[in-house]
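Protein chains: 2
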Amino acid sequence: MSRLVSHLRFGKLLVLAFCGVALLGCILAFADEGMWTFDNPPRQNLKERYGFTPTPEWLDHIRLSSVRFNDGGSGSFVSPHGLVLTNHHVARGQLQKVSSAQQNYVKDGFYAKTQAEEMKCPDLELNVLVSMENVTDQVLGAVKPGMNNQEALKARKAVTARIESASLQATGLRSDVIPLYRGGEYWLYRYKKYTDMRLVFAPEQQAAFFGGDPDNFTFPRHDIDMALFRVYENGQPVESANYLKWNARGPAEGNLVFVSGHPGSTNRTYTATQLEYWRDHYYPLRIKLAKDRVEALRSYSARGPEQARQAEGAIWGLMNALKAWTGEYEGLLDEALMAKKQKEESEFRALVAGKPNWEKEYGGAWDAIAQATSKRREMLKATQFRVLRGSRMAGIALMIVQYVAEIKKPDGVRLDNFHDSQLESLRFQLFSPAPVYPKMEEWMLTTGLKGSEAELGPNDPFIQAVLKGRAPAEVAKEAIGGTKLADPAFRKSLVEGGEAAVAASTDTLIVLARQFDPVDRQTIKWMEDNVESVETPAEEKIGRARFAVYGKSEYPDATFTLRLSYGAAKGFPMNGTNAPYKTTLYGLYDRALSFDLKSPYDLPARFMERKNAVDLATPLNFVSTCDIIGGNSGSPVIDRDGQLVGLIFDGNIESLVGRFVYDDTTNRAVAVHAAVMIEVLRKLYDAGALADELVQK
Amino acid sequence: MSRLVSHLRFGKLLVLAFCGVALLGCILAFADEGMWTFDNPPRQNLKERYGFTPTPEWLDHIRLSSVRFNDGGSGSFVSPHGLVLTNHHVARGQLQKVSSAQQNYVKDGFYAKTQAEEMKCPDLELNVLVSMENVTDQVLGAVKPGMNNQEALKARKAVTARIESASLQATGLRSDVIPLYRGGEYWLYRYKKYTDMRLVFAPEQQAAFFGGDPDNFTFPRHDIDMALFRVYENGQPVESANYLKWNARGPAEGNLVFVSGHPGSTNRTYTATQLEYWRDHYYPLRIKLAKDRVEALRSYSARGPEQARQAEGAIWGLMNALKAWTGEYEGLLDEALMAKKQKEESEFRALVAGKPNWEKEYGGAWDAIAQATSKRREMLKATQFRVLRGSRMAGIALMIVQYVAEIKKPDGVRLDNFHDSQLESLRFQLFSPAPVYPKMEEWMLTTGLKGSEAELGPNDPFIQAVLKGRAPAEVAKEAIGGTKLADPAFRKSLVEGGEAAVAASTDTLIVLARQFDPVDRQTIKWMEDNVESVETPAEEKIGRARFAVYGKSEYPDATFTLRLSYGAAKGFPMNGTNAPYKTTLYGLYDRALSFDLKSPYDLPARFMERKNAVDLATPLNFVSTCDIIGGNSGSPVIDRDGQLVGLIFDGNIESLVGRFVYDDTTNRAVAVHAAVMIEVLRKLYDAGALADELVQK
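Same order as they appear, the protein sequences are chains H and D.
To convert, note that position 137 of the first sequence is 143 in our numbering; the numbers rise steadily by one, no gaps.
To convert, note that position 477 of the second sequence is 483 in our numbering; the numbers rise steadily by one, no gaps.
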């Protein structure tokens with residue numbers, strides 16, 4: 007099954023990287039709750055609450071207009087000529103990769119006035135979901151009576167790889183087997199893949215991320231967090247009728263809107279034991295770790311402006327993740343929330359226990375999960391600290407060492423990430439020409455190794471394997487200083503040379519990765535034998551128990567696959583009063599001047615110089631009750647006519663607890679309004695041609 | 007001692023009327039905490055935190071420029087020609103009283119273009135504090151060894167009346183004996199009194215109270231909550247050098263500012279038993295009662311637009327009080343706050359217990375207060391429901407019945423409110439020509455009596471005395487329908503006729519008041535004997551114990567007497583981000599349009615018509631850490647040069663718990679910025695001459 011989620015970098019509403027195993031499930035849906043699969047939209051809720059019935063054509067059009075940014079976000083086609091709209095903060099990875107000490111596109115933005123100026127992205131892959139097929143029977147059927155847990159896990163992995171590989175060969179499409187409803191169902195999702203993406207427009211970071219870390223994950227908000235790419239195939243822009251028409255009027259308060267995007271992960275059907283583990287062990291460790299990394303990066307930044315530029319993206323991602331995790335963690339610390347969760351679980355288990363055949367089939371699942379969670383906790387430090395953290399090149403080195411070994415094996419027994427169906431995307435990342443910053447990598451690898459040594463102690467096999475009694479700084483300096491892996495051609499030569507070339511390589515980082523590889527495999531094996539093989543069948547049982555008890559009127563937990571959320575444009579109670587459902591450009595200038603234009607409330611020069619040119623009453627950002635989470639960044643907000651009225655870029659602070667529970671009184675999705683994008687393109691960025699392409703009928 | 011506080015009506019930062027007994031005290035001051043008396047400003051804090059030392063001249067000038075609005079607010083002289091600045095919501099009582107079915111000054115505002123147009127207020131009294139004298143020894147000295155509690159209380163009241171009366175005769179000034187530090191000290195405050203007040207300017211209510219009840223007690227905020235009166239004496243404007251010069255630049259973030267005003271009451275040194283009583287009994291009852299009254303008033307409003315106009319002020323006051331009380335009540339429901347209070351009390355009591363002579367002198371105070379509080383609880387329903395609620399004329403009737411009896415007694419034994427020193431102010435209220443609305447009075451008296459009957463039962467002496475077995479509606483209809491008390495001349499004739507005239511009167515409301523009078527006296531007597539006589543000496547002991555333990559480095563709880571607060575203009579953490587220290591006119595238009603101009607976010611016509619005339623960058627409202635509470639409405643915000651930079655009109659939602667505890671991380675005082683008042687007077691209200699008078703050097 008796909009492990010895409012675990013590759014992802016942190017992000018605002020980007021997928022947060024610590025999803026751990028794919029833990030999926032289904033939830034009773036109330037109010038405007040739910041991230042629904044396109045095969046099972048919430049027809050009844052939509053009809054009853056909003057008098058709307060989506061046609062198959064409506065659903066297909068939305069689905070085929072939606073794109074996944076594989077580095078952790080979402081987007082949509084917004085012109086017949088391949089324009090794709092997403093957030094500046096989804097684009098920022100690529101913006102940074104095409105930047106240099108001389109030209110900072112993250113900070114200054116970018117606009118290609120002509121097609122010739124559109125700028126190719128080094129390693130951006132987009133996916134469009136073109137078909138969905140239920141393969142539950144095949145996957146579950148592979149597990150035969152009498153198999154023990156380990157054998158069953160192997161059988162599942164083998165059949166999954168076989169399905170994916172066969173689909174790839176038959177269709178040429180990227181093919182992922184996705185567990186939904188905690189494994190209550192398995193689906194084969196086929197994607198059209200795009201890898202020739204070109205940058206067309208991004209505003210200054212200060213326009214996109216006005217208010218910075220303080221305003222992040224809050225509303226009222228004042229961000230023009232947009233970016234436009236154009237998708238090419240065979241050197242030409244993609245022409246297609248599957249794009250969203252632009253409705254600059256946007257929604258009135260109370261109007262029905264939809265979000266079509268790729269929520270990364272939710273944990274709404276976690277058992278009480280799992281929630282407690284996250285609360286008591288996982289969050290505290292991850293938060294501390296992230297804070298340490300921010301500190302290390304800031305120390306590197308302090309060396310000079312170019313170092314600051316290099317580190318800025320990573321700091322941004324960590325600060326963003328920290329704010330999200332803190333909100334989620336505080337949710338778990340709320341005793342009322344935990345009591346609610348425990349009550350729901352008790353009721354569910356009582357219903358299962360009420361029927362002897364249910365109890366026999368599913369009753370043991372909770373204890374099995376508790377057992378697996380206890381094992382997971384045992385290995386928590388190992389999984390977090392037996393890593394070469396902070397160096398992209400070290401990650402590439404390990405990938406090369408494992409790649410050459412894995413591809414020689416039958417597909418079904420390979421490590422995850424190395425299955426046939428994943429190889430093309432993997433090689434796209436592996437040979438990316440994006441720049442590396444050796445001094446930053448050395449510094450971060452050093453601090454990462456120091457952290458691991460302090461946490462694991464000198465006798466841990468990882469420490470012994472990679473440090474061999476030497477100091478972290480010495481090891482990192484040697485490994486980064488002596489490697490040629492910054493050069494994609496060198497990586498390619500190693501991969502093409504296969505196991506022999508990698509075994510013979512004296513490249514310092516390859517040597518380090520070779521030392522690390524057996525320890526990594528040992529950790530993976532231990533987790534498979536003690537956690538995954540117990541947890542996966544138990545999760546499946548809970549998923550099937552929910553079907554048995556509640557029927558299929560629920561939506562599955564998020565899996566970074568395409569989902570449809572719905573809701574109304576609507577304010578919410580906030581801090582003694584009401585937050586409105588939208589803001590205007592008046593509000594942007596108010597907030598900037600309210601802080602005397604001090605960072606992070608300064609405005610790009612053009613905003614001050616041309617403030618009399620814009621219509622200040624233009625709606626800027628708006629909120630809706632649509633149910634979203636990290637990964638939804640860049641998702642289109644769509645009205646009932648299927649037109650684009652906004653661009654998701656964030657949730658409010660009250661939505662962070664949405665990882666565990668959705669509450670429509672305060673949970674809001676925050677979007678850039680369709681009107682302001684056109685207004686600023688025309689009046690501030692002299693990009694009238696681009697605006698015309700967006701609003702054409 | 008003065009019982010002014012208990013006469014006061016509800017108000018935004020007006021004094022809230024349920025202060026109960028005057029419970030005073032002193033508190034250890036940290037950070038920018040404290041409402042300091044002018045005899046004991048926080049010199050050390052000011053020097054250490056802000057490098058500022060107030061001179062005696064600076065203090066005198068601020069004090070003599072500050073005024074008390076006796077109906078519950080504060081203000082300041084702002085021109086050499088008697089202009090006094092306060093809030094629209096402080097002025098709204100007078101605005102309503104000069105309004106009619108044909109002309110609604112509350113809603114539409116008012117501007118006197120010439121002196122001749124300035125409009126006399128029916129019953130507004132202003133006080134300026136001209137001298138302060140410590141009379142602790144005289145008051146405490148009146149209590150002789152061997153007196154029981156009741157005798158001691160009588161002696162205290164007698165000496166207080168004597169001091170006040172003597173001072174009045176000697177100086178002609180209003181003279182109030184004020185307990186400070188819970189009776190640790192008693193002070194004689196002498197006031198210059200003004201009763202010829204004329205309305206000069208008020209904006210539309212929607213400009214003053216933009217955002218209505220939802221935005222009330224919150225920040226960021228967008229209200230031009232100002233009004234200007236001119237003070238007359240002998241038919242001419244008062245000319246004086248004691249006024250605040252205008253500084254339209256206002257404070258920069260972090261600048262030191264002061265608030266000079268009249269905080270009504272705080273309960274920061276309440277004992278744990280008292281806090282529990284408020285939490286468990288007092289708040290729940292008062293909140294329910296206020297909600298019932300709002301419902302009754304809304305039902306009256308629904309009869310038509312003129313009825314709505316009549317009831318609107320009372321509804322506003324109750325909604326305002328409800329929001330404040332709810333915030334305060336939630337503070338007490340917060341277990342962390344209660345734990346903090348209990349810990350402080352334990353530490354204080356342990357220090358007292360540590361010295362045998364302290365323990366002997368003060369140790370019994372807490373138990374005494376607990377005993378008095380338990381008695382207070384016994385009488386809670388009686389004190390709340392043995393009243394003719396909802397009818398101003400019924401209040402006047404009772405006042406007349408008691409007045410003619412009390413003034414025949416020696417001053418020292420009269421009911422509170424009827425001492426010589428209070429009579430002039432009392433008669434000013436009694437003979438007020440302000441309009442009464444008989445139909446509203448009848449409806450509200452009916453619902454009030456119904457509530458009393460339901461709560462007290464048919465056998466309660468109050469119910470028996472006023473209803474005599476009849477229905478509330480019948481009693482109210484007869485009493486209000488048959489009275490001539492709406493006519494001030496009739497009231498005067500009764501008062502002048504004395505006991506005989508009142509006893510012989512067949513006026514239906516006088517008859518009802520005569521029936522009620524003995525019950526009222528009985529309640530007052532019971533409270534004196536069982537509560538006040540125990541509580542007052544116990545409070546004094548706690549006050550003196552604090553002096554013994556902590557020295558006089560503290561400030562007394564608020565008493566609706568002049569206080570100086572200080573702090574910095576400063577934002578605060580809010581809902582996941584930061585609130586700025588100020589807003590601008592951009593923000594007003596943003597918030598209005600964010601709600602699509604729907605009430606309460608609609609704007610007066612001139613704001614839309616002239617929006618291109620104003621400088622949108624003009625600062626609108628700002629916050630500071632100054633420690634304030636209800637009664638501070640209309641207080642000037644003053645810079646270190648003694649110039650006016652703002653006008654207090656509210657606290658943020660986080661400040662409501664300030665009744666019990668001050669926390670400078672989030673507690674903020676909200677003010678109208680000096681700049682915006684000038685900007686709108688000139689650009690929106692064509693009141694350039696008035697603006698000139700304010701900013702003249």
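All C-beta atoms in this analysis are idealised placements derived from N, C-alpha and C, irrespective of residue type, glycine included.
Residue range of the unbroken alpha helix (DSSP H) whose run includes residue i
i, result
"Arg-162/H", "155 to 177"
"Met-203/H", "Note, Met-203/H: premise wrong, no alpha helix (DSSP H); beta strand (DSSP E) at 202 to 208."
"Phe-434/D", "426 to 436"
"Ala-551/D", "539 to 556"
"Val-407/D", "398 to 412"
"Pro-586/H", "Here Pro-586/H belongs to no alpha helix (DSSP H), and DSSP marks it neither H nor E."
8 Å Cβ cut-off: residues of chain H touching residue i
i, result
"Arg-597/D", "Pro-586 and Gly-593"
Closer than 7 Å at the beta carbon, the chain H residues around residue i
i, result
"Thr-590/D", "Asp-596, Leu-599 and Ser-600"
"Met-153/D", "In chain order: nothing, as chain H lies at least about 49 Å away."
"Thr-224/D", "Asn-581, Gly-582 and Thr-583"
Among the options, the one whose alpha carbon lies nearest that of residue i
i, options, result
"Ala-317/H", "Trp-449/H, Gly-217/H and Ile-293/H", "Trp-449/H"
"Pro-439/H", "Ile-635/H, Val-73/H, Ala-492/H and Leu-662/H", "Ala-492/H"
"Arg-612/D", "Asp-38/D, Gln-100/D and Gly-115/D", "Gly-115/D"
"Ala-118/D", "Ala-693/D, Glu-699/D and Leu-700/D", "Ala-693/D"
"Ile-634/D", "Glu-245/D, Phe-264/D, Arg-55/D and Leu-179/D", "Phe-264/D"
"Tyr-556/D", "Asp-298/D, Glu-353/D, Asn-584/D and Met-533/D", "Glu-353/D"
"Glu-123/H", "Arg-236/H, Lys-361/H, Leu-343/H and Glu-545/H", "Arg-236/H"
"Asp-645/H", "Lys-329/H, Gly-260/H and His-287/H", "Gly-260/H"
Same chain only: Cβ atoms within 7 Å of residue i, ignoring 5 sequence neighbours per side
i, result
"Lys-746/D", "Coverage of chain D is limited to positions 7 through 703, which leaves residue 746/D absent and any answer about it impossible."
Cα-Cα separation between residue i and residue j, rounded to whole angstroms
i, j, result
"Val-134/H", "Lys-199/H", "7 Å"
"Ala-697/D", "Ala-598/H", "28 Å"
"Glu-447/D", "Ser-397/D", "5 Å"
"Leu-174/D", "Val-141/D", "15 Å"
"Gly-31/H", "Thr-275/H", "Its pLDDT being 35, under 50, Gly-31/H is placed unreliably in this model, and the value from its coordinates should be taken loosely. The straight-line gap from Cα to Cα measures roughly 6 Å."
"Met-125/H", "Glu-191/H", "41 Å"
"Ser-271/H", "Ala-564/H", "4 Å"
"Ala-172/H", "Ala-258/H", "48 Å"
"Arg-392/D", "Arg-497/D", "24 Å"
"Gly-503/H", "Ala-342/H", "58 Å"
Partners in chain D for residue i, counting only beta-carbon separations shorter than 9 Å
i, result
"Asp-221/H", "Gly-582, Thr-583 and Asn-584"
Within chain D, the residues that residue i reaches when beta carbons sit closer than 7 Å
i, result
"Ala-623/H", "Leu-599"
Within chain D, partners of residue i - CB distance below 8 Å
i, result
"Ile-727/H", "Any answer about residue 727/H is impossible in this case: the structure gives chain H only from 7 up to 703."
Neighbouring residues, chain H, relative to residue i (Cβ below 9 Å)
i, result
"Glu-259/D", "Phe-601, Asp-602 and Lys-604"
Range of the contiguous beta strand (DSSP E) that encloses residue i
i, result
"Tyr-607/D", "Taken as a continuous stretch (DSSP letters only), Tyr-607/D belongs to no beta strand (DSSP E), as it is neither H nor E."
"Leu-132/H", "132 to 140"
Close-in-space but distant-in-sequence residues of the same chain around residue i (CB under 8 Å, 5 per side omitted)
i, result
"Asp-608/D", "Gln-212 and Ala-598"
"Thr-631/H", "Ala-37, Asp-38, Gly-573, Ala-574, Lys-576, Asp-670, Asn-673, Arg-674 and Ala-675"
Residues near residue i by beta carbon distance below 6 Å, same chain, minus five either side
i, result
"Phe-578/H", "Ala-585, Thr-672 and Arg-674"
"Leu-622/D", "Leu-591 and Tyr-592"
Residue i at chain C interface by Cβ criterion, 8 Å
i, result
"Tyr-668/H", "The structure shown contains no chain C; the protein chains it does contain are H and D."
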